[in-house]
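Chains as they are written, first to last, in the working numbering: chain A, 1 to 118; chain B, 1 to 118; chain C, 1 to 118; chain D, 1 to 118.
Backbone N, C-alpha and C define an ideal beta-carbon position, used for all residues, glycine too.
Contents: one structure, followed by commentary.
4 protein chains.
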Amino acid sequence: MTEINERDRAVFEAGIKLGALYHQFVGTPISMDTANDLERMIEQSAIVQPYVRSISVSIDRGMVQKKQNPTFRYCELEGRMLHVSLQVLYKNTIAYAELAYDEEQDYPLMSIKKIESM
Amino acid sequence: MTEINERDRAVFEAGIKLGALYHQFVGTPISMDTANDLERMIEQSAIVQPYVRSISVSIDRGMVQKKQNPTFRYCELEGRMLHVSLQVLYKNTIAYAELAYDEEQDYPLMSIKKIESM
Amino acid sequence: MTEINERDRAVFEAGIKLGALYHQFVGTPISMDTANDLERMIEQSAIVQPYVRSISVSIDRGMVQKKQNPTFRYCELEGRMLHVSLQVLYKNTIAYAELAYDEEQDYPLMSIKKIESM
Amino acid sequence: MTEINERDRAVFEAGIKLGALYHQFVGTPISMDTANDLERMIEQSAIVQPYVRSISVSIDRGMVQKKQNPTFRYCELEGRMLHVSLQVLYKNTIAYAELAYDEEQDYPLMSIKKIESM
């Protein structure tokens, strides 16, 4: 057992942010026309939270188009539609994390990509 | 017992839309800077759904300011912060519904205000 | 234009409840083992709300099994997995509403089935 | 910059799980009678997910009682009502994490408490 350090905190916060945005926004009604604004809104909801250095959200338009109900022309945001790149800065450590659909496992996978000291 | 009619359908759809947006977006991290975009996003998430004729969402800035964490400068969207005016059009009937904070009952109250035939 | 009546209120409340539970619980991690408890929990979250007379929720086990990730053995609750029968009582009027997956439209359809005066 | 290691993964997964359950369940209608079942349901929704070794959720009954609407006798789950103790096991590393209301900061604080190698 060791002390909790800066690196742990940065990585932990990155996990929190991805878990949070996923379960906050999955289920949101969305169309091809509103996908762009929803991307920006998800980014903003992360940016206001502590330690978020930057975030980029993109929603897979091909999946939206395919999932759109033919009659009603909208669908709901699903986890597998989301691609998120996130940087968390805790003191002098940056954790780079990602949410991306893993086709092989058919799973919206969250992962830590890189950890840096500034 | 009577047949389900156009009026019933318009009123029912109005209820669905208010219940849906409330439970989709409550909990979203929000600041004074992002409140405006979140209002527009909630509107858009309703507009893409069937039978929504118009919607106007406003978030109580006074409550946001008061609820904002002093250290982190953000809070979460609460039901009582929301004021929503919604029109649902089903065939030739318009149902006007509202979500507004009822101070006396300390409750985010949803109500049908008016029903019209076009 | 006419006055809002008891029937309108019953139907409106039924819509609210279905929209609410849908967007509250869609996205919940679920397995074959926890589906039963989640059904009961969704029912309870409705029962505590005003005017709900009764509710029965069932989650399509076939869909859960099919959607379960083969590695991790769980999936997320989707709207199309839900079958809900709801009774709202407002004064002397009962509105019977339903959420059921409409295969033809590939849509989780909410509908008013019956309205009765007691 | 260094390689992502087992410890990082354990800590990251702990963050994901806390962020996820928070934003999935905040907003759920709850009463004194249903709080116990909701605690168990939140635990179950975490247990089905990868790497969760154990979890214990408790909802602050005093806050529920205080927040309950006097007319309708229920309230909505808020983040500050939640106390969660979580253990994540990734390979041979256990991360102990917690969500607890921090009264001083008036904030539902998530933290890593301990990291152990088995």
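Identify whether residue i lies in helix, strand or coil by the three-state DSSP scheme.
{"i": "residue 113/A", "result": "strand"}
{"i": "residue 78/C", "result": "coil"}
{"i": "residue 49/A", "result": "coil"}
{"i": "residue 102/A", "result": "strand"}
{"i": "residue 68/D", "result": "coil"}
{"i": "residue 16/D", "result": "helix"}
{"i": "residue 26/A", "result": "coil"}
{"i": "residue 42/B", "result": "helix"}
Thinking just about the alpha-carbon of each residue, which of the options is nearest to the one in residue i?
{"i": "residue 42/B", "options": "32/B, 31/B, 91/B, 26/B", "result": "26/B"}
{"i": "residue 28/D", "options": "83/C, 59/C, 48/C, 2/C", "result": "48/C"}
{"i": "residue 83/D", "options": "50/D, 8/D, 9/D, 61/D", "result": "61/D"}
{"i": "residue 73/B", "options": "4/A, 46/A, 104/A", "result": "46/A"}
{"i": "residue 3/A", "options": "57/D, 102/D, 95/D, 75/D", "result": "95/D"}
{"i": "residue 106/A", "options": "57/C, 75/C, 102/C, 36/C", "result": "75/C"}
{"i": "residue 8/B", "options": "103/B, 93/B, 36/B, 104/B", "result": "93/B"}
So that I know if they touch, is there some Cβ in chain A lying closer than 7 Å to that of residue i?
{"i": "residue 31/B", "result": "yes"}
{"i": "residue 48/B", "result": "yes"}
{"i": "residue 90/B", "result": "no"}
{"i": "residue 15/D", "result": "yes"}
{"i": "residue 74/B", "result": "yes"}
Do residue i and residue j have their C-beta atoms within less than 7 Å of each other?
{"i": "residue 64/A", "j": "residue 32/A", "result": "yes"}
{"i": "residue 6/C", "j": "residue 91/C", "result": "yes"}
{"i": "residue 44/D", "j": "residue 34/C", "result": "yes"}
{"i": "residue 118/A", "j": "residue 18/A", "result": "no"}
{"i": "residue 55/B", "j": "residue 77/B", "result": "no"}
{"i": "residue 40/C", "j": "residue 89/C", "result": "no"}
{"i": "residue 14/A", "j": "residue 100/A", "result": "no"}
{"i": "residue 21/C", "j": "residue 30/C", "result": "no"}
{"i": "residue 23/A", "j": "residue 68/D", "result": "no"}
{"i": "residue 121/C", "j": "residue 81/C", "result": "What is shown of chain C runs 1 to 118, which leaves residue 121/C out entirely."}
{"i": "residue 108/A", "j": "residue 79/A", "result": "yes"}
Are the C-beta atoms of residue i and some chain C residue less than 7 Å apart?
{"i": "residue 110/D", "result": "no"}
{"i": "residue 52/B", "result": "no"}
{"i": "residue 69/A", "result": "yes"}
{"i": "residue 27/D", "result": "yes"}
{"i": "residue 118/D", "result": "no"}
{"i": "residue 87/D", "result": "no"}
{"i": "residue 41/D", "result": "yes"}
Quick check on residue i - is its C-beta less than 7 Å from some C-beta in chain D?
{"i": "residue 105/B", "result": "yes"}
{"i": "residue 18/A", "result": "yes"}
{"i": "residue 11/A", "result": "yes"}
{"i": "residue 23/A", "result": "yes"}
{"i": "residue 8/A", "result": "yes"}
For chain B, check one thing: does any of its Cβ atoms lie closer than 7 Å to the Cβ of residue i?
{"i": "residue 63/A", "result": "no"}
{"i": "residue 2/A", "result": "no"}
{"i": "residue 37/A", "result": "yes"}
{"i": "residue 93/A", "result": "no"}
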